[in-house]
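These protein sequence lines map, in sequence, to chains D and L. Read in order, the letters of the first sequence are residues 15 to 371 in our numbering. Read in order, the letters of the second sequence are residues 15 to 371 in our numbering. Note that beta-carbon positions come from the ideal geometry of N, C-alpha and C, so glycine has one too. Have a look at the structure below before the remarks.
There are 2 protein chains.
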Amino acid sequence: MENKFDHFDTVDFNENKDALRIIDQTLLPTELIMLDMKDEESIWDAIHTLKVRGAPAIGVAAAIGIAILTLPKADAELEEFKSEFTRIKKYLETSRPTAVNLFWALDRMERVVDNYKGESSKQLSDLLIEEARVIREEDIEVCKKIGEYGLELLKDGYGILTHCNAGSLATIKYGTATAPMYLAHEKGMNIHVFADETRPLLQGARLTAYELNAAGIDTTLICDNMSQTVMRQGKVDIIFVGCDRVAVNGDACNKIGTSMVALSAKRHNIPFYVCAPTSTIDFSIESGEEIVIEERKPEEITDMWYAEKMAPAGIKVYNPAFDVTDADLITGIITEYGIIYPPFKEGILKLKEEHNL
Amino acid sequence: MENKFDHFDTVDFNENKDALRIIDQTLLPTELIMLDMKDEESIWDAIHTLKVRGAPAIGVAAAIGIAILTLPKADAELEEFKSEFTRIKKYLETSRPTAVNLFWALDRMERVVDNYKGESSKQLSDLLIEEARVIREEDIEVCKKIGEYGLELLKDGYGILTHCNAGSLATIKYGTATAPMYLAHEKGMNIHVFADETRPLLQGARLTAYELNAAGIDTTLICDNMSQTVMRQGKVDIIFVGCDRVAVNGDACNKIGTSMVALSAKRHNIPFYVCAPTSTIDFSIESGEEIVIEERKPEEITDMWYAEKMAPAGIKVYNPAFDVTDADLITGIITEYGIIYPPFKEGILKLKEEHNL
Numbered sequence: 015m016e017n018k019f020d021h022f023d024t025v026d027f028n029e030n031k032d033a034l035r036i037i038d039q040t041l042l043p044t045e046l047i048m049l050d051m052k053d054e055e056s057i058w059d060a061i062h063t064l065k066v067r068g069a070p071a072i073g074v075a076a077a078i079g080i081a082i083l084t085l086p087k088a089d090a091e092l093e094e095f096k097s098e099f100t101r102i103k104k105y106l107e108t109s110r111p112t113a114v115n116l117f118w119a120l121d122r123m124e125r126v127v128d129n130y131k132g133e134s135s136k137q138l139s140d141l142l143i144e145e146a147r148v149i150r151e152e153d154i155e156v157c158k159k160i161g162e163y164g165l166e167l168l169k170d171g172y173g174i175l176t177h178c179n180a181g182s183l184a185t186i187k188y189g190t191a192t193a194p195m196y197l198a199h200e201k202g203m204n205i206h207v208f209a210d211e212t213r214p215l216l217q218g219a220r221l222t223a224y225e226l227n228a229a230g231i232d233t234t235l236i237c238d239n240m241s242q243t244v245m246r247q248g249k250v251d252i253i254f255v256g257c258d259r260v261a262v263n264g265d266a267c268n269k270i271g272t273s274m275v276a277l278s279a280k281r282h283n284i285p286f287y288v289c290a291p292t293s294t295i296d297f298s299i300e301s302g303e304e305i306v307i308e309e310r311k312p313e314e315i316t317d318m319w320y321a322e323k324m325a326p327a328g329i330k331v332y333n334p335a336f337d338v339t340d341a342d343l344i345t346g347i348i349t350e351y352g353i354i355y356p357p358f359k360e361g362i363l364k365l366k367e368e369h370n371l
Numbered sequence: 015m016e017n018k019f020d021h022f023d024t025v026d027f028n029e030n031k032d033a034l035r036i037i038d039q040t041l042l043p044t045e046l047i048m049l050d051m052k053d054e055e056s057i058w059d060a061i062h063t064l065k066v067r068g069a070p071a072i073g074v075a076a077a078i079g080i081a082i083l084t085l086p087k088a089d090a091e092l093e094e095f096k097s098e099f100t101r102i103k104k105y106l107e108t109s110r111p112t113a114v115n116l117f118w119a120l121d122r123m124e125r126v127v128d129n130y131k132g133e134s135s136k137q138l139s140d141l142l143i144e145e146a147r148v149i150r151e152e153d154i155e156v157c158k159k160i161g162e163y164g165l166e167l168l169k170d171g172y173g174i175l176t177h178c179n180a181g182s183l184a185t186i187k188y189g190t191a192t193a194p195m196y197l198a199h200e201k202g203m204n205i206h207v208f209a210d211e212t213r214p215l216l217q218g219a220r221l222t223a224y225e226l227n228a229a230g231i232d233t234t235l236i237c238d239n240m241s242q243t244v245m246r247q248g249k250v251d252i253i254f255v256g257c258d259r260v261a262v263n264g265d266a267c268n269k270i271g272t273s274m275v276a277l278s279a280k281r282h283n284i285p286f287y288v289c290a291p292t293s294t295i296d297f298s299i300e301s302g303e304e305i306v307i308e309e310r311k312p313e314e315i316t317d318m319w320y321a322e323k324m325a326p327a328g329i330k331v332y333n334p335a336f337d338v339t340d341a342d343l344i345t346g347i348i349t350e351y352g353i354i355y356p357p358f359k360e361g362i363l364k365l366k367e368e369h370n371l
């Protein structure tokens, strides 16, 4: 408990490696509770009800989850172990069917099963636990690399603005958009962060402001509609945001409101960087126009957490979860392999070739 | 009760002309309660606690208020009547010291007292009641004129976006930004309005969405960070916003977030109009740079109406109440005397000359 930053090992094994341990993010920012889970209903429910959220964190939770949930069959016949694996995989896939990383991680775990040539359930179980550990370590490494490239853009005294939570709570450690901030803070640099609250679900207020503040980083919470004002006032030197999906032309899909931050940044000549692990680049999508925006339920806007109604009964609501930031508003895309600058298509395709993506 | 729109006679005399009648806006959107007030503490409190809010509505409430509160002295000696007027004026001025219209309306009432040459308290009291009535009627007329000029910009089927509440609840009737919408609706035109919720106090969700919906206008509530997305999707044909202050160069100070709407409108080639009674033009201010932005308390962002905390305890908060929209982002400024187009300075000074402002 000495190093506050260590609290945010968002998803991990427990000490005995027989349970999935997560921070229950639905209780933040009021309570910091760790949950150890060994049964499939609890793990399914944790993903489904957003106790664990953020694309990378979901993937790692699913990987550790299936490694843990198949443990009881480590003494069974290999066929029984494999069929249990398949059953649990299908079950966990229903916990959040739109989460790309959930499927990505479970598929990767399945390849371990498919590629196993031995006869021992115990050995295969060990391989699954190892693979989950590797997936987790890789996520930390990717975030750290993004942080290192982002750090090169920072100077002492910088004001930084971010939107939503692409923080350590969305990943395992460091986060993506927050990684440069954590590394700067570790180096003792003075930085000041403005966190957009991010309506309707307030991930910026509840999660980003929480984790940065807990790590000792000087953080100011603002409403989404205030970001242009702090930019105009000269308080912001650089912007880092995460992203859900990057198209080949560099258009970036991220939490609703991101594109308005980018537009304000452009007007005020403030560099706007998208922090994107290469896993979020969708090579099948030419531009942001092809991305279908998820719509969520009206109650998130009209009722969420409120004691009293905040909008008239029966009012029509439109609640898009994401928006697309046009590539021309983006200064650079920070990946674990370096920063891509315009023209983005050229840079993205070069990266694909160089790293076999 | 047949014509829903009539509910929103926000500020008026009661039928007997012996009480100030207002809608208690702090109870919206859950309850629509009219308050009749005859004593000075109630009226002071109504202004102080935002039961009545919106610059024009505050002015009218103060004018009617002082006319009502001096009524009991209508049988007294003139000197006693006048000194009671002065006492109450000073008292009401403390109810909301930053509200320009409060002082403007009370000063105008005082001129009636100063200019009175007769000897009868009763007669002077009648003149005050008449002046309050005229101030109220003038506000309705100004809003209606703005509505008529705005209406000329609308076509059947238009999508309209607005921010905050420059609606009939902020004035007496019609509102400013909403006046074109009400007149279009009265004419049977099909319009569709997107109302930004307007964090932190949610005037858009609680008031604008409420009053437009109650009037039968097709209204959709969105979060502030969604306005660019609905513009990008082609759902918005024109934008009307109110304003608190216009500088001589056309820069407009309005509720925080307005400038981000304007910037998005510019990017998507959507006309952006500021609805501004000439009383909001500040001829002493050359540009928006000179406007000092009021900062409000952090709890509005971290705690407002919430059952649970929505941000970590002790988090730093920046909460500017207004922002400045640069003149180059504004298509036109709609006043009661017509629409001013760029170059704004020329148009504004011409208006000043023509109408002795």
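Close CB contacts of D:Leu-141 within its chain, under the 8 Å cut and outside five residues either way in sequence, are with Val-126, Tyr-130 (chain order). Proximity to L:Lys-366 across L:Lys-169, L:Lys-187, L:Ala-261, L:Phe-254 peaks at L:Ala-261, based on C-alpha coordinates. Under the three-state reduction of DSSP output, L:Leu-235 falls in the strand class.
By the Cβ-count criterion, D:Pro-86 is exposed, with fewer than 16 other Cβ atoms from all chains shown falling within 10 Å of its own Cβ. For L:Gly-271, the chain D residues whose Cβ falls inside 9 Å of its Cβ are Cys-237, Asp-238, Asn-239, Met-240, Gln-242, Thr-243, in order along the chain. Judged by DSSP secondary structure, L:His-206 falls within the beta strand (DSSP E) whose first and last residues are 205-210. Per DSSP, D:Asn-227 is one residue of the alpha helix (DSSP H) stretching across 223-228. Under the DSSP assignment, D:Val-25 falls in the beta strand (DSSP E) whose first and last residues are 25-27. Taking C-alpha positions only, D:Asp-153 is separated from D:Thr-108 by approximately 23 Å. Using a Cβ distance threshold of 8 Å, L:Thr-243 and L:Leu-371 do not count as a contacting pair. Proximity of L:Lys-65 to chain D, defined by a Cβ-Cβ separation below 8 Å, is not satisfied. Within 10 angstroms of the beta-carbon of L:Phe-99 lie 16 or more other beta-carbons, which makes it buried.
For the pair D:Ile-353 and D:Ile-362, the CB atoms are not nearer than the 8 Å cut-off.
Between the stretch 242-256 of chain L and the stretch 188-199 of chain L there are three or more inter-stretch CB-CB distances shorter than 8 Å, so the stretches are counted as touching. From the listed residues D:Glu-29, D:Leu-92, D:His-62, D:Thr-24, the smallest Cα separation to D:Ile-47 is found for D:Thr-24. Between L:Val-74 and L:Arg-150, the C-beta gap is smaller than 8 Å, which places the two residues in contact.
Between the stretch 308-316 of chain D and the stretch 327-336 of chain D there are three or more inter-stretch CB-CB distances shorter than 8 Å, so the stretches are counted as touching. Contact between L:Glu-308 and L:Ala-335 holds, since their C-beta atoms are separated by about 4 Å, short of 8 Å. For L:Thr-349, the enclosing beta strand (DSSP E) covers residues 346-349. For D:Val-331, the C-beta contacts it makes with chain L under 8 Å involve Thr-234, Leu-235, Ile-236, in order along the chain. L:Phe-286 sits in a strand when the DSSP states are folded into three classes. Chain D places a beta carbon closer than 8 Å to that of L:Pro-326, counting this residue as a contact.
Identification of residues in the stretch 332-347 of chain L having a C-beta nearer than 7 Å to some C-beta of chain D yields Tyr-332, Pro-334, Asp-337, given in sequence order. The shortest C-alpha to C-alpha distance from D:Ala-76 to any of D:Glu-145, D:Asp-89, D:Phe-95, D:Asn-30 is the one to D:Glu-145. Looking from the CA of L:Leu-106, the closest CA among L:Gln-247, L:His-62, L:Val-148 belongs to L:His-62. Distance check between L:Val-148 and each of L:Leu-168, L:Ile-78, L:Glu-124 places L:Ile-78 closest, using alpha-carbon atoms only. According to the DSSP assignment, L:Ile-354 belongs to no alpha helix (DSSP H) but to the beta strand (DSSP E) extending over 352-354. Taking a 10 Å sphere around the C-beta of D:Pro-70, we find 16 or more other C-beta atoms and assign the residue as buried. The beta-carbon of L:Pro-43 is placed less than 8 Å from the nearest beta-carbon of chain D. Under a criterion of Cβ atoms nearer than 8 Å, the residues of chain D adjacent to L:Pro-214 are, in order, Cys-237. In terms of Cα proximity to L:Leu-34, the closest of L:Pro-43, L:Gly-164, L:Ile-80, L:Leu-41 is L:Ile-80. In this structure, the beta-carbon distance from D:Asp-210 to D:Ile-270 does not fall below 8 Å.
Using a Cβ-Cβ cut-off of 8 Å, D:Leu-277 counts as an interface residue toward chain L, since at least one Cβ of chain L sits closer than that to its own. Taking C-alpha positions only, L:Gly-230 is separated from L:Gly-202 by approximately 11 Å. Note that the stretch 154-166 of chain L touches the stretch 279-296 of chain L; at least 3 beta-carbon pairs, one per stretch, sit closer than 8 Å. Look at L:Arg-122 here: in three-state DSSP terms it is helix.
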